[in-house]
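Student: If you want our numbering, it's the 1-based position in the sequence shown plus 33.
Think of the CB as a built atom: it goes at the ideal place given N, C-alpha and C, for glycine as much as any other residue.
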Amino acid sequence: MTRRFNLAAITITLVALSATSEAAPLSLEEFLEQVKKNHDGYKASSVSSDAAAGKISDAEMIYATNVFATIQSAVDKKEQVPAAMRGEQTDYSSYQMGVSKLSSFGTAAKLYYSTSHTKIKGAGPMFVPEPEWYEGGPTLEVSHPLWRNANGLGVAKGIQIQEQQANVTRLTESLKRKFTLAESEGAYWRLVLARENVRTCRENLDRAKKITDWNRRRVSSELADRADLIQAQALGEVREIELTMALDEERSASHAFNNTRGLPTGSVKEELSKITPDIIAKLPIPQRSGEREDLKAALAGQALATLAADLGNGKHDPSVDVFASGTMNGRKDNYSEAFNEAKKAKRNTYTVGIKINAPLGGSTSSDVKAGYAKDIEAASLLASRRRFENDREWEDLNSKLKESKARLTLSQKIEDTQKRKLEAERDRQSKGRSTMFQVMQAESDLATSQLNVIRTKAEILGIIARMKTFGGEQ
Numbered sequence: 034m035t036r037r038f039n040l041a042a043i044t045i046t047l048v049a050l051s052a053t054s055e056a057a058p059l060s061l062e063e064f065l066e067q068v069k070k071n072h073d074g075y076k077a078s079s080v081s082s083d084a085a086a087g088k089i090s091d092a093e094m095i096y097a098t099n100v101f102a103t104i105q106s107a108v109d110k111k112e113q114v115p116a117a118m119r120g121e122q123t124d125y126s127s128y129q130m131g132v133s134k135l136s137s138f139g140t141a142a143k144l145y146y147s148t149s150h151t152k153i154k155g156a157g158p159m160f161v162p163e164p165e166w167y168e169g170g171p172t173l174e175v176s177h178p179l180w181r182n183a184n185g186l187g188v189a190k191g192i193q194i195q196e197q198q199a200n201v202t203r204l205t206e207s208l209k210r211k212f213t214l215a216e217s218e219g220a221y222w223r224l225v226l227a228r229e230n231v232r233t234c235r236e237n238l239d240r241a242k243k244i245t246d247w248n249r250r251r252v253s254s255e256l257a258d259r260a261d262l263i264q265a266q267a268l269g270e271v272r273e274i275e276l277t278m279a280l281d282e283e284r285s286a287s288h289a290f291n292n293t294r295g296l297p298t299g300s301v302k303e304e305l306s307k308i309t310p311d312i313i314a315k316l317p318i319p320q321r322s323g324e325r326e327d328l329k330a331a332l333a334g335q336a337l338a339t340l341a342a343d344l345g346n347g348k349h350d351p352s353v354d355v356f357a358s359g360t361m362n363g364r365k366d367n368y369s370e371a372f373n374e375a376k377k378a379k380r381n382t383y384t385v386g387i388k389i390n391a392p393l394g395g396s397t398s399s400d401v402k403a404g405y406a407k408d409i410e411a412a413s414l415l416a417s418r419r420r421f422e423n424d425r426e427w428e429d430l431n432s433k434l435k436e437s438k439a440r441l442t443l444s445q446k447i448e449d450t451q452k453r454k455l456e457a458e459r460d461r462q463s464k465g466r467s468t469m470f471q472v473m474q475a476e477s478d479l480a481t482s483q484l485n486v487i488r489t490k491a492e493i494l495g496i497i498a499r500m501k502t503f504g505g506e507q
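1. Could you have a look at Ser54 and say whether DSSP puts it in helix, strand or coil?
2. Ser285: which of Lys329, Asn390 and Val231 sits nearest, CA to CA?
3. Could you check what DSSP says for Val68 in three-state terms: helix, strand or coil?
4. Under a three-way DSSP split, which group does Asp366 fall into?
5. Since I believe Ser149 is in contact with Glu168 (beta carbons under 8 Å), could you give me their beta-carbon distance rounded to a whole number of angstroms?
6. Is Lys134 helix, strand or coil when you go by DSSP?
7. Rounded to whole angstroms, what is the Cα-Cα separation between Glu255 and Ser306?
8. Apart from the five residues just before and just after Pro171, which ones in its own chain have a Cβ nearer than 6 Å to its Cβ?
9. Rounded to whole angstroms, what's the CA-CA distance from Pro319 to Ala498? Just pull it up for me.
10. Using DSSP's beta-bridge definition, name the partner residues of Gln31.
11. Using 8 Å for Cβ pairs, my map puts Gly131 next to Ala156. What's the rounded Cβ distance?
12. Roughly how many angstroms separate the alpha carbons of Lys452 and Ile274, rounded to a whole number?
13. Pairing CB atoms from the region 314–332 with CB atoms from the region 205–218, are three or more of them under 8 Å?
14. Going straight from the alpha carbon of Leu268 to that of Thr213, what length do you get?
15. Between the Cα of Asp366 and those of Lys152, Met118, Ala107 and Arg425, spot the shortest distance and give me the residue it belongs to.
16. Would you say Val108 and Asp124 are within 9 Å of each other, going by their C-beta atoms?
17. Just the C-alpha distance for Gln105 and Pro164, rounded to the nearest angstrom, thanks.
18. Against chain D, does Val225 count as a neighbour if the rule is that its beta carbon must be under 9 Å from one of theirs?
19. Would Gly347 and Leu186 qualify as a contact pair, given that the criterion is a beta-carbon distance under 9 Å?
20. Pop quiz: Ile487 and Ser437 are said to be a contact at Cβ under 8 Å. What is the actual Cβ separation, rounded to whole angstroms?
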């Protein structure tokens with residue numbers, strides 16, 4: 034007896050463990066995580082956004098310190114007259130290496146060391162007593178703009194343009210990801226409601242079959258007219274068509290569901306969350322978190338147009354640059370002696386000057402400035418329109434959500450009323466106080482009310498998914 038009891042206890046325990054080990058329904062949050070991991074469009078958008086952020090540093094590389102080097106060798110055999118005084122051939126080689134840097138306030142500097150070797154062949158010693166020599170020494174060059182790109186503003190604006198372009202790309206890709214998730218959320222709820230619709234249509238078909246069977250028995254017992262049976266059969270055929278359409282929609286919704294999470298199959302084996310009136314009532318209403326990315330991108334485009342105009346108009350300003358350079362010279366019979374001579378700073382070379390370059394644009398320059406001004410105006414109008422559309426869309430979504438929730442409450446009340454009405458008509462018909470037509474009419478009214486409830490749920494869930502695009506950046 035004890036062994037039987039233990040066996041029964043083990044069996045019950047295994048059944049309980051099996052029941053608890055059943056997979057929980059796939060929640061919306063879990064599904065969206067699958068979308069993020071497997072939706073190539075979503076992943077591509079994330080990569081593009083990261084790429085845009087990385088490109089910002091590319092613009093700032095203009096301020097990086099650069100290392101440069103130049104090595105050259107030349108042989109000059111052109112005819113010299115007289116050859117005894119100037120030689121028949123000149124061999125020349127030089128090496129230069131240094132660093133250069135552009136500062137954020139526009140000053141450009143170069144510091145480099147250069148050496149050279151010169152050898153004149155074929156010249157008379159009395160005319161060229163030193164036919165071969167080495168030169169070398171460090172040089173510092175500095176230049177600073179006084180007008181165009183004064184204080185480095187032109188370069189800085191060029192960097193800001195690249196930064197704004199990257200920002201626009203980042204914002205655009207962020208909104209793409211939001212829309213992808215909103216569409217995916219729609220696909221999730223579409224399948225949930227499609228399955229609910231299938232269940233409803235099956236229940237309606239079962240009721241129609243029971244009505245048909247009941248009328249068939251009554252006709253065979255000569256308690257009802259054959260017309261009642263025909264009416265019941267017609268109702269059953271309508272319900273079969275509705276079920277077929279519901280199954281087709283479920284198949285289509287399953288394909289869309291799997292497509293968004295990157296699966297090639299059309300079958301969805303997981304159970305999904307159920308949509309009950311309580312869940313609908315408790316769904317949190319998304320809040321608007323600042324401006325949506327499309328408006329931010331439009332505002333960035335406006336700033337971009339202003340920067341482009343400033344930079345473009347600045348291209349026609351006169352270029353006035355002051356510059357200075359200093360070189361410590363050394364000239365000897367070999368490189369090392371030339372370098373040591375240069376360090377004595379006895380034979381330095383100094384240069385100071387100014388460079389001026391002014392375009393004569395005339396009316397062309399004015400036309401260019403007018404064109405940039407129109408670009409700024411167009412970008413401003415686009416940003417203003419985008420703000421208007423976003424505000425109207427948010428208000429419209431809130432209004433629709435309130436209306437849909439109110440309509441859902443009413444639809445559910447109508448569904449309950451139609452259920453009671455159908456039960457009452459069945460009772461009356463069984464007592465001979467109602468016709469089969471009235472029963473089937475009540476059946477049709479119930480089916481219509483049930484579909485209205487499902488349709489209204491879909492509206493609410495779609496609105497909430499759209500409202501989420503107004504949240505923080507994705």
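Tutor: By the coordinates alone:
1. Confidence at Ser54 is low in this model, with a pLDDT of 42, below 50, so the placement of that residue should be treated as unreliable; the coordinate-derived value is given next. Here Ser54 sits in coil by DSSP.
2. Val231
3. helix
4. coil
5. 5 Å
6. strand
7. 48 Å
8. Tyr146 and Met361
9. 9 Å
10. With the chain covering only 34 through 507, there is no way to say anything about residue 31.
11. Going by Cβ atoms, the distance from Gly131 to Ala156 rounds to 33 Å, so no, they are not a contact pair.
12. 22 Å
13. yes
14. 41 Å
15. Lys152
16. yes
17. 20 Å
18. Annotation note: the requested chain D is absent from the structure, which comprises a single protein chain.
19. yes
20. About 13 Å separates the two Cβ atoms, so there is no contact after all.
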